[in-house]
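End of the sequence shown sits at 408 in the working numbering; the numbers just go up one at a time, nothing left out. The beta-carbon is built from N, C-alpha and C at its ideal position, and this holds for glycine as well.
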Amino acid sequence: MIICTNKMEYPLRTQCQRVQKQVMVNGEQERVSLLLMKALVSRGSVDAVSQQMASHPQYLESFLRTQHYILHMDGPLPLPYRHYIAIMAAARHHCNYLVYLHSAQFLRVGGDPLWLQGLEAAPPRLRLLDHINKVLAHQPWLTACSHIQTLLKSGEQCWSLAELVQAVVILAHCHALCSFVFGCDTDSDFVPLSKSPNGTPPTFCPFDAANGNTNVPQSLATPSELITRRRSLDSSCDVVCLKERIQKSQEEREKREERLLQTQTLQQNDMEEEEEVICFADPSRFITDPDFCYEEFARREEDHFQVFRVQDYSWEDHGFSLVNRLYSDIGHLLDDRFRSVTTLPSLHSPDLKRAIWNYIHCVLGIR
42 MIICTNKMEY PLRTQCQRVQ KQVMVNGEQE RVSLLLMKAL VSRGSVDAVS
92 QQMASHPQYL ESFLRTQHYI LHMDGPLPLP YRHYIAIMAA ARHHCNYLVY
142 LHSAQFLRVG GDPLWLQGLE AAPPRLRLLD HINKVLAHQP WLTACSHIQT
192 LLKSGEQCWS LAELVQAVVI LAHCHALCSF VFGCDTDSDF VPLSKSPNGT
242 PPTFCPFDAA NGNTNVPQSL ATPSELITRR RSLDSSCDVV CLKERIQKSQ
292 EEREKREERL LQTQTLQQND MEEEEEVICF ADPSRFITDP DFCYEEFARR
342 EEDHFQVFRV QDYSWEDHGF SLVNRLYSDI GHLLDDRFRS VTTLPSLHSP
392 DLKRAIWNYI HCVLGIR
C-alpha cells in the first residue's frame, strides 16, 4: 500500500493524486453505464434526456428512479392513463419530443390508439384534467380549491384523491421536464433513437454482465468470441467428436441467422409503429384553449392575485407528509431529487444559484 501524505514533496504524491482521480472518473463512468442500462431495460431505448443528464450521475439516478416509479410502478392509475397524462402535460408546452416519447410508450403499455387522435377521443375522466393542466403549466398561481373539488365531485367521472395526487405529480414532473428538454435543445431536432426490439431478449439481462456473469447466449456473442471458442477445441478430440461439434456449430449459426431475421422483422414493425405514432403526435390535438399561456405575474397596476409566501409553506412540514400519505413513497423520491439538485457541482457562485432560484419563484408567483 502506498500512503501519500501532505508533507511529501516529490512526484509520488502527484502520481497518487492522478491515480485517485482516474479511479473516481472510472467509477463515475461505470455508474453512468449502469444507469443507462437500466433505462434501456425499462423502456427498450435510451432517450436523449437520460443522455443529457448523464453529466450528473447522482441526479440522473434520482431522476430515473422517480420517473420509473410514477410511470411504471404500483399506483392508483392504470399505465395508459399515466402516459396519456404525460402527453397532455407536454402538449401544453408544445414539447414535440415528450409528446412523441410518451405516445410510443402509451401504445407499448396497451393504450388505445384511438386516444392519440386527440383529447376529444380520450375518456371523459382524462378530459376533466385539461383545465388544471393548463393552469399548472402556465399560471400556477391561479390554482384554487375549486379545481380540486370539481375533479373529486364529478359524478361517475370523479377522481379519487389518491388518483388525483398521482396525476398532479405526473403533470408537474412533465411540465418541469419540458423546460429541461428545451434548455438542452432536444426538442428542436429529435430523431427516434435505435432500440432493441421489444427491449432486451428475455434470456439475457445487461445487469448480468455488470455483475460479472459472462454466460452470454450464443445470439449475443461476437464473431471474435466464436473464433476463440473454435480454437479452444481439444486437439486430441477424435474425428467423430469434431464432426459433432461442427454440426452443432452449423445449427447454432442457422439459429442465429433465423433470430437475426426475426429481429429485423421486429425492428421493421417498430419503425412502422413509430411512424404511425409520429402522425398522431401533434401536440395541438391534446390541448384546448391554445391562447391560454404564461402572463407576467402580479403587475403593479393590477396586483390582485394571491401571493404565495415562501415562509408560509415548507416542503418538509407540509408537502412531504401530505404527498407521502396519499401516494406512498413518492415523498421520499421527490425529496431525494430536491436534495440532489441543491448539491450539484457548479462552476458559478452560490449567489448566482440562489438568484436563479429566486427568479423562478418570482415568475411563478412565489415570493
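Have a look at the DSSP bridge pairing and note the partners of residue 349.
-> DSSP output for residue 349 lists 407 as bridge partner(s).
The segment 144 to 161 in contact with the segment 184 to 195 per 3-pair CB rule at 8 Å | Verdict: no, contact absent.
Is DSSP giving residue 337 helix, strand or coil here?
-> Three-state result, residue 337: coil.
Give me the Cα-Cα distance between residue 383 and residue 210, rounded to the nearest whole angstrom.
-> Straight-line spacing of the CA atoms in residue 383 and residue 210 works out to 20 Å.
Grouping DSSP H, G and I as helix and E and B as strand, with all else coil, what is residue 193?
-> Note: residue 193 maps to helix in three-state DSSP.
When you compare only the Cα positions, how much space is there between residue 104 and residue 292?
-> For residue 104 and residue 292, the distance between alpha carbons rounds to 45 Å.
Alpha carbon to alpha carbon, how far is residue 123 from residue 215? Give it in angstroms, no decimals.
-> The alpha-carbon separation between residue 215 and residue 123 amounts to approximately 11 Å.
6 Å Cβ shell around residue 37 - same chain, five flanking residues per side excluded = This structure cannot speak to residue 37, because the chain is shown only from 42 to 408.
In angstroms, rounded to a whole number, what distance separates the CA positions of residue 405 and residue 173?
-> Their backbone Cα atoms lie some 15 Å apart in a straight line.
Thinking C-beta only, is residue 117 closer than 7 Å to residue 203?
-> Taking the C-beta atoms as reference points, residue 117 is found nearer than 7 Å to residue 203.
So, using beta-carbon positions, are residue 302 and residue 107 closer together than 7 Å?
-> Against a cut-off of 7 Å, the Cβ pair of residue 107 and residue 302 comes out as no contact.
Can you tell me whether DSSP reads residue 3 as helix, strand or coil?
-> There is simply no residue 3 to check, as the chain begins at 42 and stops at 408 in what is shown.
Using the beta-carbon count (16 or more within 10 Å), is residue 234 buried or exposed?
-> Unreliable positioning characterises residue 234 in this predicted model, as indicated by a pLDDT of 43, which lies under 50. The coordinate reading is nonetheless provided below. Its Cβ having fewer than 16 others within 10 Å, residue 234 is exposed.
Report yes if the CB atom of residue 175 is closer than 7 Å to the CB atom of residue 333, and no otherwise.
-> Contact flag set, yes.
To the nearest angstrom, how far is it from the Cα of residue 110 to the Cα of residue 142?
-> C-alpha separation (whole angstroms): 17 Å.
So which of 94, 138 and 288 has the shortest CA-CA distance to residue 324?
-> The shortest C-alpha separation from residue 324 is found at 138.
Burial state of residue 408 (16 or more Cβ within 10 Å) = Counting Cβ neighbours within 10 Å, residue 408 comes out exposed, since fewer than 16 surround it.
Range covered by the alpha helix (DSSP H) that runs through residue 151 = Under the DSSP assignment, residue 151 falls outside any alpha helix (DSSP H); it carries neither an H nor an E label.
Going by other Cβ atoms of all chains shown within 10 Å of its Cβ, with 16 needed for buried, is residue 101 buried or exposed?
-> With 16 or more other Cβ atoms from the protein chains shown falling within 10 Å of its own Cβ, residue 101 counts as buried.
Determine the direct distance from the alpha carbon of residue 398 to that of residue 348, and round the result to whole angstroms.
-> About 17 Å.
Excluding five sequence neighbours on each side, which residues of the same chain lie with their C-beta closer than 8 Å to the C-beta of residue 169?
-> Leaving aside the five residues that flank residue 169 on each side, the residues in its chain whose CB is nearer than 8 Å to its CB run, in chain order, 191, 192, 195, 198 and 200.
Selection from 132, 401, 151 and 228 that minimises the alpha carbon distance to residue 337 | Per the Cα distances, 401.
Which residue spans inside the segment 101 to 182 form an unbroken beta strand (DSSP E) run of at least 3?
-> Within the segment 101 to 182, no complete beta strand (DSSP E) run reaches 3 residues.
What's the gap between the Cα of residue 99 and the Cα of residue 288?
-> C-alpha separation (whole angstroms): 50 Å.
Which class does residue 199 belong to by DSSP, given the choice of helix, strand or coil?
-> In the three-state reduction of the DSSP assignment, residue 199 falls in the coil class.
CB of residue 136 within 7 Å of CB of residue 226, strictly | Cβ atoms of residue 136 and residue 226: not closer than 7 Å.
Would residue 387 be called buried (16 or more neighbouring beta carbons within 10 Å of its own) or exposed?
-> That one is exposed.
Cβ-based burial, residue 380 [other Cβ within 10 Å; buried from 16] | Residue 380 comes out exposed.
Would you kindly work out how many angstroms separate the C-alpha atoms of residue 351 and residue 177, rounded to a whole number?
-> Between residue 351 and residue 177, the C-alpha separation is close to 18 Å.
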